[in-house]
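**Student:** Numbering (this note's numbering), first residue to last: 1 to 217. Built from N, CA and C at the ideal position, the CB exists for glycine as well. Quick caveat: nothing in here was measured; it's all calculated off a predicted structure. Sending over a structure as structure tokens; questions will come in a sec.
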């Protein structure tokens with residue numbers, strides 16, 4: 001690594017955080033910005049400090065790992081995420097991949113794998129620890145999300161997905177409101193939120209998105 005990597009540790013177990021700090025402090029060019037207990041605290045740190053890599057647990061109070069990932073994707077915060085977890089379920093691994101995460105370390109092997117993982121993703125490479133290798137093979141070796149890369153559809157709430165589907169059917173805000181038993185203003189609010197989450201700007205941006213991603217709606 002040519003420059004220092006600023007690292008944020010997010011885990012609700014203080015003993016584990018302390019052990020991880022000790023491992024990382026032994027490595028040159030790895031700077032620990034902070035260590036916090038949940039995703040909400042992590043968001044606060046990221047807004048105040050420059051962070052390159054987030055080492056993220058999944059099971060946390062207040063805001064868990066997936067909720068945190070949704071939040072930074074929605075806000076277009078350019079940090080790299082390493083999932084560091086005790087989970088060994090394939091469904092958890094698959095869900096993380098669908099969020100666009102490409103770095104996974106099991107906590108049992110953190111002492112030996114975490115440095116290698118940080119170095120890999122700092123070079124824009126993926127890192128899958130051996131424990132998860134079979135899961136990736138079952139997925140056909142594909143690290144890309146199931147939805148289109150960068151589409152952001154995974155950030156939408158169920159209500160927003162319903163509205164988006166009806167927009168794709170060329171229905172007006174009033175028609176959508178009548179069908180979903182909500183007000184036209186609520187439909188327009190959903191439209192605004194959808195465009196923000198999909199990073200769409202301009203009068204016809206949503207229409208172009210729907211045409212380009214019709215098979216995913």
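Looking only at its chain, what residues have a beta carbon closer than 7 Å to the beta carbon of residue 222, apart from the 5 residues adjacent to it on each side?
**Tutor:** The structure shown does not extend to residue 222, since the chain is modelled only from 1 to 217, so the question has no answer here.
**Student:** Confirm, please, whether the CB-CB distance from residue 155 to residue 70 is below 8 Å.
**Tutor:** Within the chain shown, numbered from 1, the residue matching residue 70 stands at position 70. Within the chain shown, numbered from 1, the residue matching residue 155 stands at position 155. Yes, they are a contact pair.
**Student:** For the alpha helix (DSSP H) that contains residue 166, what are its first and last residues?
**Tutor:** Taking the chain shown and counting its residues from 1, the one referred to as residue 166 is at position 166. It spans 158-168 - the alpha helix (DSSP H) in which residue 166 sits, taken as one unbroken run.
**Student:** I'd like the list of long-range same chain contacts for residue 205, defined as Cβ closer than 8 Å, with 5 residues on each side in sequence excluded.
**Tutor:** Position 205 of the chain shown, counted from the first residue, corresponds to residue 205. Excluding sequence neighbours, residue 205 sits near 195.
**Student:** Would you report the Cα separation of residue 113 and residue 47, rounded to the nearest angstrom?
**Tutor:** Counting from 1 along the chain shown, the entry for residue 113 is found at position 113. Counting from 1 along the chain shown, the entry for residue 47 is found at position 47. Answer to the nearest angstrom: the Cα atoms are 28 Å apart.
**Student:** Can you tell me the Cβ-Cβ gap for residue 79 and residue 53, rounded? I've got them flagged as a contact below 8 Å.
**Tutor:** In the chain shown, the residue the question calls residue 79 occupies position 79. In the chain shown, the residue the question calls residue 53 occupies position 53. With a Cβ gap of about 7 Å, residue 79 and residue 53 count as contacting.
**Student:** Out of 40, 92, 117, 157, which one is the CA nearest neighbour of residue 82?
**Tutor:** As a working note, residue 82 is residue 82 in the chain shown. With distances taken between Cα atoms, residue 82 lies closest to 117.
**Student:** Apart from the five residues just before and just after residue 3, which ones in its own chain have a Cβ nearer than 6 Å to its Cβ?
**Tutor:** Within the chain shown, numbered from 1, the residue matching residue 3 stands at position 3. Here the set comprises nothing.
**Student:** Return the residue from the list 10, 31, 111 that minimises the CA-CA distance to residue 59.
**Tutor:** Your numbering for residue 59 matches position 59 in the chain shown. Measuring from the Cα of residue 59, the nearest candidate turns out to be 10.
**Student:** Which residue marks the beginning of the beta strand (DSSP E) containing residue 8, and which one marks its end?
**Tutor:** Position 8 of the chain shown holds residue 8. Unbroken beta strand (DSSP E) run through residue 8: 5-10.
**Student:** Under three-state DSSP, which class holds residue 103?
**Tutor:** The residue labelled residue 103 in the question sits at position 103 within the chain shown. In the structure shown, residue 103 sits in a strand (DSSP, three-state: E or B).
**Student:** Going by DSSP in three states, residue 199 sits in which element: helix, strand or coil?
**Tutor:** Taking the chain shown and counting its residues from 1, one reaches residue 199 at position 199. Here residue 199 sits in coil by DSSP.
**Student:** If we count the other Cβ atoms within 10 Å of its Cβ and call it buried at 16 or more, is residue 159 buried or exposed?
**Tutor:** Translated into the one-based positions of the chain shown, residue 159 becomes position 159. Flag for residue 159 reads exposed.
**Student:** Does residue 4 come within less than 8 Å of chain D when only Cβ atoms are used?
**Tutor:** Absent here is chain D; the protein component of the structure consists of one chain.
**Student:** Just verifying my parser: in three-state terms, what is the DSSP assignment at residue 56?
**Tutor:** In the chain shown, counting from the first residue as 1, residue 56 sits at position 56. Three-state DSSP puts residue 56 in a strand.
**Student:** Does the separation of the CB atoms of residue 51 and residue 122 fall below 8 Å?
**Tutor:** Locating residue 51 in the chain shown gives position 51, where the first residue counts as 1. Locating residue 122 in the chain shown gives position 122, where the first residue counts as 1. It is not a contact, given that the beta carbons lie outside the stated cut-off.
**Student:** Rounded to the nearest angstrom, what separates residue 8 and residue 32 at their Cα positions?
**Tutor:** Within the chain shown, numbered from 1, the residue matching residue 8 stands at position 8. Within the chain shown, numbered from 1, the residue matching residue 32 stands at position 32. Residue 8 and residue 32: Cα-Cα distance of roughly 6 Å.
**Student:** Which whole-angstrom value describes the C-beta separation of residue 135 and residue 93, a residue pair presumed to lie in contact below a C-beta threshold of 8 Å?
**Tutor:** The count along the chain shown starts at 1 and reaches residue 135 at position 135. The count along the chain shown starts at 1 and reaches residue 93 at position 93. Contact holds; Cβ gap of about 5 Å.
**Student:** Cβ atoms of residue 217 and residue 210: under 8 Å apart, would you say?
**Tutor:** The residue labelled residue 210 in the question sits at position 210 within the chain shown. The residue labelled residue 217 in the question sits at position 217 within the chain shown. Contact flag set, yes.
**Student:** Kindly provide the ranges of any alpha helix (DSSP H) runs that are 4 or more residues long and lie completely inside the segment 24-89, ordered along the chain.
**Tutor:** The qualifying runs are 39-48, 65-74.
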